[in-house]
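The structure appears right after this line, and notes come after that.
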Amino acid sequence: MNVAFICQPWDEAVAPVRAGSIPIVTYQLARRLAPAAAVTVFAKRGLEQPAVDRDEHGICYRRFCVARAEQALKPLRLADRMLAHVGHAEPLFGTGLFYRDFGQRVARQLAETTSPGTPTVVHIHNFSQFVPLVRAAMPRAKIVLHMHCEWLTQLKPRTVARRLAETDLVLGVSDYLTDKIRARFPAHAHKCRTLVNGVDLPAFRPAQDAADPVAAGDGPRLLFVGRVSPEKGVHTLLAAFGQVAARYPTARLDIVGPLGETPYEYIVRVADDPHVAELAAFYDGRLRHRAGSYQRRLEAAIRPELADRVHFHGAVGHGDVAHFYRAATLLVNPSLSEAFGMSVIEAMAGGLPVVTTRVGGMTEVVAGGNVGRLVPPNDADALAATLVELLADR
4 MNVAFICQPW
14 DEAVAPVRAG
24 SIPIVTYQLA
34 RRLAPAAAVT
44 VFAKRGLEQP
54 AVDRDEHGIC
64 YRRFCVARAE
74 QALKPLRLAD
84 RMLAHVGHAE
94 PLFGTGLFYR
104 DFGQRVARQL
114 AETTSPGTPT
124 VVHIHNFSQF
134 VPLVRAAMPR
144 AKIVLHMHCE
154 WLTQLKPRTV
164 ARRLAETDLV
174 LGVSDYLTDK
184 IRARFPAHAH
194 KCRTLVNGVD
204 LPAFRPAQDA
214 ADPVAAGDGP
224 RLLFVGRVSP
234 EKGVHTLLAA
244 FGQVAARYPT
254 ARLDIVGPLG
264 ETPYEYIVRV
274 ADDPHVAELA
284 AFYDGRLRHR
294 AGSYQRRLEA
304 AIRPELADRV
314 HFHGAVGHGD
324 VAHFYRAATL
334 LVNPSLSEAF
344 GMSVIEAMAG
354 GLPVVTTRVG
364 GMTEVVAGGN
374 VGRLVPPNDA
384 DALAATLVEL
394 LADR
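Take any residue in the sequence shown, note its place counting from 1, add 3, and you have its number in the working numbering.
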């Protein structure tokens, strides 16, 4: 059997994959399938990466340069933002034009390199517009569309329905996501299943001693792990931390994750949640947005007396982030939009208590209150009160 994974066009894949939630999930799935199938991963080609190689597990990686495609998308993105400004509903990223060249090259190479007559499963992450391209190139393949976000229920239903008609299985990373897809597309509800994300338990095991390199320092340590972007609610966490710090003068906040806003059109423009729609205030322009403006706002909001107690660590390798979990007192995920919540299960794998917002798939991960606490989204006071309560009980 052949199994092909098609990554998002901006995701790289170099084994062993240790960055990006979707690339990590892809790698871990591929690694476990490799003994029983011929596995190929199609991904973006980064600098100095080979076009084709194979790792120790026998997984084949086929990579494509997307620089030309991204250059061609620039005027289309500007036009898209101008149309959005006057109320045009269909975002560019949901159309067949978005990274079409990448999808076509993957589909063509998939057809050329697959043995005729061999059962083939093609596993596509998030990009439903790649489904028709793969179906045209591989009429007999079984196509799996694996959703890690809410795009299927936020784009034009008629467009999505046509793509789902050519899909054999639709996976959501939480029941929250899967149920929304079933409700929006009842004719395809029978194809929908939930496949929650897993975690590498040994990698996040609790520390056996106090010698962890990040663990130096006294007082409680709050930890956020994720992209520093408005929908992740870091601004709410900073506001809550001000209250926590008043009660705990030695408390620290570690913010671990890449700096950079998720594009406005990917989340805020298509949001059906009012809390997420309100995040438009953090984007300094729908036509042109200056990267890093959210980061600058966050830094400006930190009171001078707290400046040495809030630390932005930036992107950290997946193997290194475990050190931060081991050194932390609590993991906080204040997201306003979260289909699953990888940081939550990573923290749980190490026995770290978690506090999350009552949002999306996180309500399933933190079910029953035995492994964590849920608070309302966008509510700094409620978040602070819960953090203070848990710190008092440690």
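Even glycine gets a Cβ: it sits at the ideal position worked out from N, Cα and C.
Every value quoted in this text rests on a predicted model; they were computed, and no experiment measured them.
Boundaries (first-last residue) of the beta strand (DSSP E) holding residue i
i      : result
Leu174 : 172-175
Ala46  : 41-47
Thr197 : 195-197
Met447 : Residue 447 lies beyond the range of the chain shown here (4 to 397); nothing can be said about it.
Val335 : 333-336
Cross-strand partners of residue i (DSSP beta bridge)
i      : result
Gly375 : Val357
Glu341 : Paired residue(s): none; Glu341 is not in a bridge.
Val7   : The amino acid occupying residue 7 in the given sequence is Ala; Val does not appear at that position. For Ala7, which the question treats as bridged, DSSP gives the partners Thr43, Val125.
Arg255 : Arg224
Leu262 : Val231
Glu153 : According to DSSP, Glu153 bridges with nothing at all.
Glu15  : Lys47
Residue nearest to residue i in terms of C-alpha spacing, selected from the options
i      : options                        : result
Asp323 : Phe343, Leu95, Ala192, Val20   : Val20
Ile146 : Gln132, Pro252, Arg255         : Gln132
Leu174 : Thr197, Glu115, Ile348, Arg84  : Thr197
Gln11  : Glu51, Ala310, Ile25, Ala274   : Ile25
Pro119 : His126, Tyr251, Ala254, Ala140 : Ala140
Asp221 : Ala330, Glu264, Pro277         : Ala330
Gly363 : Met351, Leu355, Val347, Gly354 : Val347
Ala137 : Trp154, Gly99, Ala274, Leu158  : Sequence check: residue 137 is Val here, not Ala. Nearest of Trp154, Gly99, Ala274, Leu158 to Val137, Cα basis: Gly99.
Ala283 : Phe343, Ala87, Phe315, Ala383  : Ala87
Lys47  : Arg111, Arg71, Ala16, Gln31    : Ala16
Phe96  : Arg108, Pro379, Asn129         : Asn129
Pro160 : Arg187, Trp13, His314          : Arg187
Val319 : Met4, Ala22, Asn5, Thr116      : Ala22
Glu51  : Cys152, Arg272, Ala190, Arg66  : Arg66
Ala274 : Pro252, Ser296, Arg34, Glu153  : Glu153
Pro380 : Leu204, Thr359, Tyr269         : Thr359
Val125 : Ala144, Ser296, Gln107         : Ala144
Glu308 : Arg111, Gly245, Pro223         : Gly245
First and last residue of the uninterrupted alpha helix (DSSP H) at residue i
i      : result
Gly317 : Unbroken run through Gly317 is the beta strand (DSSP E), 313-317; no alpha helix (DSSP H).
Ile348 : 345-352
Arg306 : First-last for Arg306: undefined, no H or E at that position.
Thr116 : 103-116
Val324 : 321-330
Pro160 : 160-168
Gln246 : 237-250
Glu367 : 365-368
Ile184 : 178-187
Asp384 : 383-395
Pro135 : 133-140
Pro209 : Unbroken run through Pro209: none, as it is neither H nor E.
Val20  : Element bounds for Val20: n/a, residue is neither H nor E.
Pro380 : Counting along the chain, Pro380 falls outside any alpha helix (DSSP H), and DSSP gives it neither H nor E.
Val279 : 277-280
Proximity of residue i and residue j at Cβ, strictly below 8 Å
i      : j      : result
Ala37  : Ile62  : yes
Val259 : Phe227 : yes
Arg312 : Leu256 : yes
Ser338 : Glu234 : yes
Gly229 : Asn373 : no
Thr156 : Ile184 : yes
Thr43  : Ala7   : yes
Pro261 : Gly317 : yes
Phe105 : Val69  : yes
Arg166 : Pro135 : yes
Leu180 : Val237 : no
Asp178 : Glu367 : yes
Ala18  : Asp58  : yes
Val199 : Val231 : no
Ile481 : Leu148 : The structure shown does not extend to residue 481, since the chain is modelled only from 4 to 397, so the question has no answer here.
Pro356 : Leu390 : no
Ala40  : Met4   : yes
Leu204 : Ala352 : yes
Leu388 : Thr239 : Leu is not the amino acid found at residue 388; the sequence shown has Ala there. Cβ atoms of Ala388 and Thr239: not closer than 8 Å.
Leu252 : Gly354 : It is Pro, not Leu, that sits at residue 252 in the sequence shown. Taking 8 Å as the Cβ cut-off, Pro252 and Gly354 do not qualify as a contacting pair.
Phe285 : Tyr269 : no
Heavy atom of the ligand ADP within 7 Å of residue i beta-carbon
i      : result
Leu136 : By its list of ligands, the structure shown contains no ligand whatsoever, and the ligand ADP lies outside what it can speak to.
**Those runs of the alpha helix (DSSP H) which lie wholly inside the region 24-84 and span at least 4 residues** = Counting only runs of at least 4 residues, the region 24-84 fully encloses the following alpha helix (DSSP H) elements, listed from N- to C-terminal order: 24-36.
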